[in-house]
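Engineer: Taking the working numbering, I'd label the letters of the sequence shown as residues 3 to 388.
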Amino acid sequence: MSLLNKVLRDLDRRKAGPDQPVAPIAGIQPVAPPPRQRRATVWLLTAALAGVAVWGAWTFTDVPARAPAPVQHVAVASPQAPQPAAPSTTMEAVPSEQVATATPPRAEEETPLLNQGLRLVAEIISPIRTVVAVKPEVVTTAKPVRAKVAAAPVESPPASPSSVLAANVQTPTMPEPLLVAVIEKNATPPTAREQARGIVEEGLQAVLQKRPEEAMQRFREALELDPTYDRGRQALLSALITAQDKPGAEMVADEGVIHGQSRVGFALVAARLKLERAAVKQALAVLERERVAGARHPDYMALWGNALARESRHSEAARMYGVAIELAPTNPAHHVGLAYALRNDGQYASAYAVFESVLAMPGLTAQLADLVNQQIGALQRLIVQR
3 MSLLNKVLRD LDRRKAGPDQ PVAPIAGIQP VAPPPRQRRA TVWLLTAALA GVAVWGAWTF
63 TDVPARAPAP VQHVAVASPQ APQPAAPSTT MEAVPSEQVA TATPPRAEEE TPLLNQGLRL
123 VAEIISPIRT VVAVKPEVVT TAKPVRAKVA AAPVESPPAS PSSVLAANVQ TPTMPEPLLV
183 AVIEKNATPP TAREQARGIV EEGLQAVLQK RPEEAMQRFR EALELDPTYD RGRQALLSAL
243 ITAQDKPGAE MVADEGVIHG QSRVGFALVA ARLKLERAAV KQALAVLERE RVAGARHPDY
303 MALWGNALAR ESRHSEAARM YGVAIELAPT NPAHHVGLAY ALRNDGQYAS AYAVFESVLA
363 MPGLTAQLAD LVNQQIGALQ RLIVQR
């Protein structure tokens, strides 16, 4: 019914003209004119075509407009299959002429209107893309640039996690010549003292392991490298005395007086060893050599007094014992030495008084107390005889 009304209305409109109203037909109910759906449909179709044109211009102006660049494969540390290079996301400037010609051919059913719309949209978009594009030849950077792949990515087997990790993680390495130069600069040779110290430690380990011959050999090697190393000389001296090699010990002590740093101590040992073999003059010569530094050591002065007493130089011996007592007043041995020197010098009363004072000193041993009592009795008889 509605179709018939439309046909009749169209005939009446053609007969009446454009300015005359159409009279209703008798017996037919007039129908309200339909809404302008035709115009809305045209606009919707135009918008859809414009969207398709925008998508097509945006998609096909990137890839076909440029010649495919050669694919550069990046070597990875893993033997897995190479990873497909990621497609370039960089926007590049493309002239409008290339955009227009780069539009892919459409199907035969596309109308000329659609092609014209695509070209129009491409011409509108091209200036915008030219402004925001980044040309690769303008960018200058020190970072390595990955090769851009314009063609469609080639499908490849999925890469393993180990290959991805090996490709992304770079271990910093040092060039071999530079590494050698750094090693040569830092690797300074050890000094003679450092070498001697290490050899002495080896000798001390041999002493603990009951290998005295090897220990003494190591100590001698250390002294050959550094004659001024007192620790090595003291260790060798102790090993020789323990082995009852007193001539060897005396020789080492004499060398210590010349080359050592603790010369007073080596002079004291050398003089005592010489006195044991009755070489009094040699002992006095050694003591005289270090008299300035030895004057501050009570044992040194007491040994010097002992050597003078053996040469019957009792008054000088008493003076040396007096200096030792001033430095160490609580040592009974120094007082006994002074009393002997005074008795041998004929000063019996003074010697008797010194012996009496020794008996009152703390820390007196029983053996030394017996010796002092004997000397007190002998002095009493000598004093009475006078």
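For every residue, glycine included, the Cβ atom is placed at its ideal position computed from N, Cα and C.
To the nearest angstrom, how far is it from the Cα of N232 to the Cα of T332?
Structural biologist: First, the amino acid is wrong: residue 232 is Asp here, not Asn. Approximately 30 Å, taken between the alpha carbons.
Engineer: Just to confirm, is the Cβ distance from L305 to R274 under 8 Å?
Structural biologist: yes
Engineer: Among G348, M303 and R213, which one has its Cα closest to the Cα of E328?
Structural biologist: M303
Engineer: How far does the alpha helix (DSSP H) with K283 in it reach, from first residue to last?
Structural biologist: V282 to R291
Engineer: Does the Cβ of E252 have 16 or more other Cβ atoms within 10 Å, making it buried, or fewer, making it exposed?
Structural biologist: buried
Engineer: Quick test of your reading: A295 and V254, contact by CB under 8 Å. State the CB separation rounded to the nearest angstrom.
Structural biologist: At roughly 20 Å, the Cβ-Cβ gap does not stay under 8 Å, so A295 and V254 are not in contact.
Engineer: A135 by DSSP, collapsed to three states: which one?
Structural biologist: For A135, the predicted model reports a pLDDT of 45, less than 50, meaning its position is unreliable and no value from the coordinates is stated.
Engineer: I need the straight-line Cα distance from L286 to A309, nearest angstrom please.
Structural biologist: 7 Å
Engineer: What residue range is occupied by the uninterrupted alpha helix (DSSP H) comprising A311?
Structural biologist: P300 to R312
Engineer: Are the Cβ atoms of T230 and G262 separated by less than 8 Å?
Structural biologist: yes
Engineer: Could you work out which residue in K212, A194, T244 and A49 is closest to E223 when comparing CA atoms only?
Structural biologist: A194
Engineer: Within 10 Å of its beta-carbon, does R298 have 16 or more other beta-carbons around it, so buried, or fewer, so exposed?
Structural biologist: exposed
Engineer: Using CA coordinates, which residue listed in G258, G307, E292 and A55 is at the minimum distance from L277?
Structural biologist: G307
Engineer: For K330, which of Q207, A208, Q376 and D301 has the nearest alpha-carbon?
Structural biologist: In the sequence on display, residue 330 carries Ala and not Lys. For the residues Q207, A208, Q376 and D301, the minimum Cα distance to A330 belongs to D301.
Engineer: Taking Cβ positions, are A351 and I385 nearer each other than 8 Å?
Structural biologist: yes
Engineer: By Cβ distance below 7 Å, which residues in the same chain neighbour R235 in space, the five residues on each side in sequence not counted?
Structural biologist: L225, V254, G258 and G262
Engineer: Less than 8 Å between the CB atoms is what I'm expecting for V356 and L340, so what's the real figure, rounded?
Structural biologist: 6 Å
Engineer: Do A208 and R220 have their beta-carbon atoms positioned less than 8 Å apart in this structure?
Structural biologist: Contact check for R220 against A208 passes: the beta carbons are separated by less than 8 Å.
Engineer: Does the beta-carbon distance from A217 to A241 come in below 8 Å?
Structural biologist: yes
Engineer: Taking all protein chains shown into account, do 16 or more other C-beta atoms lie within 10 angstroms of the C-beta of G348, making it buried, or fewer, making it exposed?
Structural biologist: exposed
Engineer: Applying the criterion that 16 or more other CB atoms from any shown protein chain within 10 Å of the CB defines a buried residue, is D228 buried or exposed?
Structural biologist: It counts as buried.
Engineer: Which residues in the same chain as E112 place their Cβ atom closer than 7 Å to its Cβ, once the five residues preceding and following it in sequence are excluded?
Structural biologist: With a pLDDT of 46 at E112, under the threshold of 50, the modelled position of that residue is not reliable, and the figure given next carries that caveat. Here the set comprises nothing.
Engineer: Beta-carbon within less than 6 Å of G205's beta-carbon, same chain only, minus the 5 sequence neighbours each way: which residues are those?
Structural biologist: A217, R220 and F221
Engineer: State the CB to CB distance for the pair A368 and Y342, rounded to an integer number of angstroms; the pair is presumed to be in contact (CB under 8 Å).
Structural biologist: Rounded, the Cβ-Cβ distance is 19 Å, inconsistent with contact.
Engineer: What is the DSSP secondary structure of D347, reduced to helix, strand or coil?
Structural biologist: Here D347 sits in coil by DSSP.
Engineer: For a test of the three-state rule: what should DSSP assign to D12, helix, strand or coil?
Structural biologist: helix
Engineer: To the nearest angstrom, how far is the alpha carbon of S264 from that of V271?
Structural biologist: 11 Å
Engineer: Given a cut-off of 8 Å on the beta-carbon distance, is the pair L370 and V338 in contact?
Structural biologist: yes
Engineer: Identify the continuous alpha helix (DSSP H) that holds T244 and give its terminal residues.
Structural biologist: Unbroken alpha helix (DSSP H) run through T244: D232 to T244.
Engineer: If we count the other Cβ atoms within 10 Å of its Cβ and call it buried at 16 or more, is I260 buried or exposed?
Structural biologist: exposed
Engineer: Taking the straight line between their C-alpha atoms, what separation do you get for L373 and Q197?
Structural biologist: 51 Å
Engineer: Let me know the alpha helix (DSSP H) ranges lying completely inside the segment 328-379, each 4 residues or longer, listed in chain order.
Structural biologist: Considered as a whole, the segment 328-379 harbours 334-346 and 350-361 as its complete alpha helix (DSSP H) runs of no fewer than 4 residues, in chain order.
Engineer: Let me know the secondary structure DSSP gives K248 once reduced to three states.
Structural biologist: helix
Engineer: Look at the alpha carbon of T244 and the alpha carbon of D256, and state the distance between them as a whole number of angstroms.
Structural biologist: 18 Å
Engineer: So, L366 versus A353, is the Cβ gap smaller than 8 Å?
Structural biologist: no
Engineer: Mind checking which residues open and close the alpha helix (DSSP H) that includes V191?
Structural biologist: The sequence as given places Pro at residue 191; Val does not occur at that position. Taken as a continuous stretch (DSSP letters only), P191 belongs to no alpha helix (DSSP H), as it is neither H nor E.
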